[in-house]
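Peer 1: Below you will find the structure I want to go over with you.
Numbering (this note's numbering), first residue to last: 37 to 532.
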């Protein structure tokens, strides 16, 4: 009934808007607009802008969003005045008001913002991109990946994809949110709090950058927010685990107690496991994860969540590993993690190209999947496909990945609904799972996994070709399972 009443209200507003009549001219004839239907515009209250806007809060109809989407898209388009220029869906670059909080090289830190006046939901995304932990490898990083250490060549706009997309067909449940993208330029897994010095040569202020972005956004509408989702991928996903409670405490300390702060960590749930093959600790890729963090946490002047710090006093490096920090986090967090994460395998010195793998490497990869499953079993909200990949929530194929028949956007929507119902003392929705983990044992045994390409030839590989490339012995495995090899191949092809 809520959705029906809102539809009726919007219809009345649409008929009152001159844009509605203009839009109607194109129906039944050739439509000059692209076939992909854009989302509703975000009206800007610029001085001199006389267009009256009617902001809609779509959080009021979360439970009916699936059925409501098509109607809202069409109605919202008709509300836009005919004289308007091309709709602008890009996020715009803003530098921090506090110029003392900087990127590694002292250049100003900042963020990209696309406002959505009709929404009280905010999505703040932390970019990933490894890290450096000594003067030498930071110098090398600055020469080869300066974009991740300096804002000097950042573009003025950025287009959101995946969960940052403003297009409802690509982002069915968050397209109408206020979108914020914070570029990663601190090289410290979003944990540092130290200014640039002559001795270090670099600033490490990742945690402070997040705090300053929050302060700036409070003057741009965040003060009226209902939900803030702090999301991130890779190092940004770990950054979510390290900072989500601090953001909640910051807002509460500033008197904004009504904002529900949540976290979404994508591909940031790393393990402090033993490497397959030990090498010299030269850079972030070859060095064991525990060793890099132990060195980095001192070099960066890192801040870790207080409850985790108390639990691991003197060994605060533990707080950079998901399964160790998660029990201390108060805010709701949804974890997205590939069971066979490429970045994890890289730091474990498992090479995924070249000659077929040895049996020991194959067993190591399978054991990695088992270890990850074990660390995720007590996480109430999670999505863990048995795929070999890294990062997903900002990829354009994020809609296609499924676990047990449920897509990632659907699982996130179910999580939203369960948190909403829990706050209102309602029973959680039925048939809406939020704890999803693949049980099949091999990389890419899930048929919805992203396409694999041979890194040398660029050719696509199906599951069987990939497993053979990895050194998987079909005959031997079929014998161990007591079945015909052709039957096993059929099961692998179907993802069974």
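Backbone N, C-alpha and C define an ideal beta-carbon position, used for all residues, glycine too.
Can you check which of these residues, 438, 420, 356, 477, is closest to residue 399 by C-alpha distance?
Peer 2: Start at 1 with the first residue of the chain shown, and residue 399 comes out as number 363. Residue 477 is the option with its Cα nearest to residue 399.
Peer 1: Using a Cβ-Cβ cutoff of less than 8 Å, which residues in the same chain neighbour residue 52 once the five nearest sequence positions on both sides are dropped?
Peer 2: As a first step, residue 52 must be located in the chain shown, where it is residue number 16. Below a pLDDT of 50, predicted positions are generally treated as unreliable, and residue 52, at 40, falls in that range; the measurement from the model is reported next regardless. So the list is empty, once near-sequence residues are dropped.
Peer 1: In whole angstroms, give me the CA-to-CA distance for residue 370 and residue 299.
Peer 2: Here residue 370 corresponds to residue number 334 of the chain shown, with the count starting at 1. Here residue 299 corresponds to residue number 263 of the chain shown, with the count starting at 1. Rounded to whole angstroms, residue 370 to residue 299 spans 6 Å at the Cα level.
Peer 1: For residue 58, which three-state DSSP category applies?
Peer 2: Walking along the chain shown from the start, residue 58 turns up at place 22. The predicted model places residue 58 with a pLDDT of 36, which falls under 50 and marks its position as unreliable, so this point remains unresolved.
Peer 1: Alpha carbon to alpha carbon, how far is residue 127 from residue 357? Give it in angstroms, no decimals.
Peer 2: Here residue 357 refers to the residue found at position 321 when the chain shown is read from its first residue. Here residue 127 refers to the residue found at position 91 when the chain shown is read from its first residue. A straight line joining the alpha-carbon of residue 357 with that of residue 127 spans about 31 Å.
Peer 1: Residues in the same chain with beta-carbon distance under 6 Å from residue 449, minus the five sequence neighbours each way, listed in chain order, please.
Peer 2: Locating residue 449 in the chain shown gives position 413, counting from the first residue. If we look at residue 449 and ignore the five residues flanking it on each side, its Cβ neighbours are 209.
Peer 1: On the premise that residue 161 lies in contact with residue 268, defined as a C-beta separation below 8 Å, what is that separation, rounded to the nearest angstrom?
Peer 2: The residue given as residue 268 occupies position 232 in the chain shown. The residue given as residue 161 occupies position 125 in the chain shown. The pair is a contact, with the Cβ atoms about 6 Å apart (cut-off 8 Å).
Peer 1: Under three-state DSSP, which class holds residue 512?
Peer 2: Here residue 512 refers to the residue found at position 476 of the chain shown. In the structure shown, residue 512 sits in a helix (DSSP, three-state: H, G or I).
Peer 1: Using 8 Å as the Cβ pair cut-off and three pairs as the minimum, do the region 232-244 and the region 186-199 touch?
Peer 2: no
Peer 1: Please report the distance separating the alpha-carbon of residue 405 from that of residue 303.
Peer 2: Locating residue 405 in the chain shown gives position 369, where the first residue counts as 1. Locating residue 303 in the chain shown gives position 267, where the first residue counts as 1. Going by the C-alpha atoms only, they are around 14 Å apart.
Peer 1: Buried or exposed: which applies to residue 150, given that a residue is buried once 16 or more other Cβ atoms fall within 10 Å of its Cβ?
Peer 2: By 1-based counting over the chain shown, the position of residue 150 is 114. The residue in question, residue 150, is buried, as its Cβ has 16 or more Cβ neighbours within 10 Å.
Peer 1: Along the chain, where does the alpha helix (DSSP H) that runs through residue 335 open and close?
Peer 2: For the purposes of this step, residue 335 is taken as residue 299 along the chain shown, with counting starting at 1. It spans 325-336 - the alpha helix (DSSP H) in which residue 335 sits, taken as one unbroken run.
Peer 1: So, helix, strand or coil for residue 142, using DSSP?
Peer 2: For this step, residue 142 is matched to residue 106 along the chain shown. Three-state result, residue 142: coil.
Peer 1: Could you have a look at residue 97 and say whether DSSP puts it in helix, strand or coil?
Peer 2: In the chain shown, counting from the first residue as 1, residue 97 sits at position 61. Its pLDDT being 49, under 50, residue 97 is placed unreliably by the model, and the measurement read from it follows with that caveat. Reduced to three states, the DSSP call for residue 97 is helix.
Peer 1: Quick one: Cα of residue 119 to Cα of residue 138, how far?
Peer 2: On the chain shown, position 83 is the one that residue 119 refers to. On the chain shown, position 102 is the one that residue 138 refers to. Reliability fails at residue 119, whose pLDDT of 35 lies under 50, so the model's placement of it is uncertain and no value is given.
Peer 1: Pull up the distance between the alpha-carbon of residue 407 and that of residue 276, whole angstroms please.
Peer 2: As a working note, residue 407 is residue 371 in the chain shown. As a working note, residue 276 is residue 240 in the chain shown. Distance from the CA atom of residue 407 to the CA atom of residue 276, rounded to whole angstroms, is 22 Å.
Peer 1: In chain order, which continuous runs of the alpha helix (DSSP H) of length 4 or greater are located wholly inside the region 372-433?
Peer 2: 378-383, 395-412
Peer 1: Anyone know if the C-beta pair for residue 420 and residue 365 falls short of 7 Å?
Peer 2: For the purposes of this step, residue 420 is taken as residue 384 along the chain shown, with counting starting at 1. For the purposes of this step, residue 365 is taken as residue 329 along the chain shown, with counting starting at 1. Not closer than 7 Å, so no.
Peer 1: Quick one: Cα of residue 255 to Cα of residue 248, how far?
Peer 2: Taking the first residue of the chain shown as position 1, residue 255 is located at position 219. Taking the first residue of the chain shown as position 1, residue 248 is located at position 212. Going from the Cα of residue 255 to the Cα of residue 248 covers about 12 Å.
Peer 1: If we ignore side chains and look at the alpha-carbon of each, how far apart do residue 146 and residue 251 end up?
Peer 2: Numbered from 1 along the chain shown, position 110 holds the residue referred to as residue 146. Numbered from 1 along the chain shown, position 215 holds the residue referred to as residue 251. Each residue's CA atom was taken as its position, placing residue 146 and residue 251 some 12 Å apart.
Peer 1: In three-state DSSP terms, what is residue 463?
Peer 2: Taking the first residue of the chain shown as position 1, residue 463 is located at position 427. If DSSP states are grouped into helix, strand and coil, residue 463 belongs with coil.
Peer 1: Beta-carbon separation of residue 447 and residue 470 under 7 Å?
Peer 2: For the purposes of this step, residue 447 is taken as residue 411 along the chain shown, with counting starting at 1. For the purposes of this step, residue 470 is taken as residue 434 along the chain shown, with counting starting at 1. Yes. Within cutoff.
Peer 1: With DSSP as the reference, identify every bridge partner of residue 217, one or two as the case may be.
Peer 2: Taking the chain shown and counting its residues from 1, one reaches residue 217 at position 181. Note: residue 217 sits in a beta bridge opposite 148, 161.
Peer 1: Kindly give me the distance between the Cβ atoms of residue 223 and residue 167, rounded to whole angstroms, as I take these residues to be in contact under 8 Å.
Peer 2: By one-based count along the chain shown, residue 223 stands at place 187. By one-based count along the chain shown, residue 167 stands at place 131. Here residue 223 really is in contact with residue 167; their C-beta atoms are around 5 Å apart, less than 8 Å.
Peer 1: To the nearest angstrom, how far is it from the Cα of residue 141 to the Cα of residue 475?
Peer 2: Taking the chain shown and counting its residues from 1, the one referred to as residue 141 is at position 105. Taking the chain shown and counting its residues from 1, the one referred to as residue 475 is at position 439. Each residue's alpha carbon lies about 45 Å from the other.
Peer 1: Below 8 Å, how does it come out for the region 367-387 and the region 422-432: are there three or more Cβ pairs, yes or no?
Peer 2: Judged by Cβ distances under 8 Å, the region 367-387 makes contact with the region 422-432, as three or more pairs qualify.
Peer 1: Please go through the same chain and pick out, in chain order, the residues whose beta-carbon is closer than 7 Å to the beta-carbon of residue 213, but skip the five residues on each side of it.
Peer 2: Here residue 213 refers to the residue found at position 177 of the chain shown. So the qualifying residues of the chain are 152, 155, 157, 158, 159.
Peer 1: What span of residues does the beta strand (DSSP E) with residue 473 cover, start to end?
Peer 2: Indexing the chain shown from 1 puts residue 473 at position 437. Element bounds for residue 473: 471-473.
Peer 1: Which class does residue 300 belong to by DSSP, given the choice of helix, strand or coil?
Peer 2: In the chain shown, the residue the question calls residue 300 occupies position 264. If DSSP states are grouped into helix, strand and coil, residue 300 belongs with the strands.
Peer 1: In angstroms, rounded to a whole number, what distance separates the CA positions of residue 178 and residue 382?
Peer 2: Reading the chain shown from its first residue, position 142 is the one you call residue 178. Reading the chain shown from its first residue, position 346 is the one you call residue 382. Their backbone Cα atoms lie some 21 Å apart in a straight line.
Peer 1: Please classify residue 516 as buried or exposed, where buried requires at least 16 other C-beta atoms within 10 Å of its C-beta.
Peer 2: The count along the chain shown starts at 1 and reaches residue 516 at position 480. Counting Cβ neighbours within 10 Å, residue 516 comes out exposed, since fewer than 16 surround it.
Peer 1: Determine the direct distance from the alpha carbon of residue 353 to that of residue 330, and round the result to whole angstroms.
Peer 2: In the chain shown, the residue the question calls residue 330 occupies position 294. In the chain shown, the residue the question calls residue 353 occupies position 317. Cα to Cα, residue 330 sits roughly 6 Å from residue 353.
Peer 1: DSSP three-state call for residue 369: helix, strand or coil?
Peer 2: The residue you call residue 369 lines up with position 333 of the chain shown. DSSP places residue 369 in strand when its eight states are reduced to three.
Peer 1: Closest to residue 309 by C-alpha separation, out of 295, 296, 324, would be which residue?
Peer 2: Position 273 of the chain shown, counted from the start, is the residue given in the question as residue 309. Minimum Cα-Cα distance from residue 309 among the listed residues 295, 296, 324 corresponds to 324.
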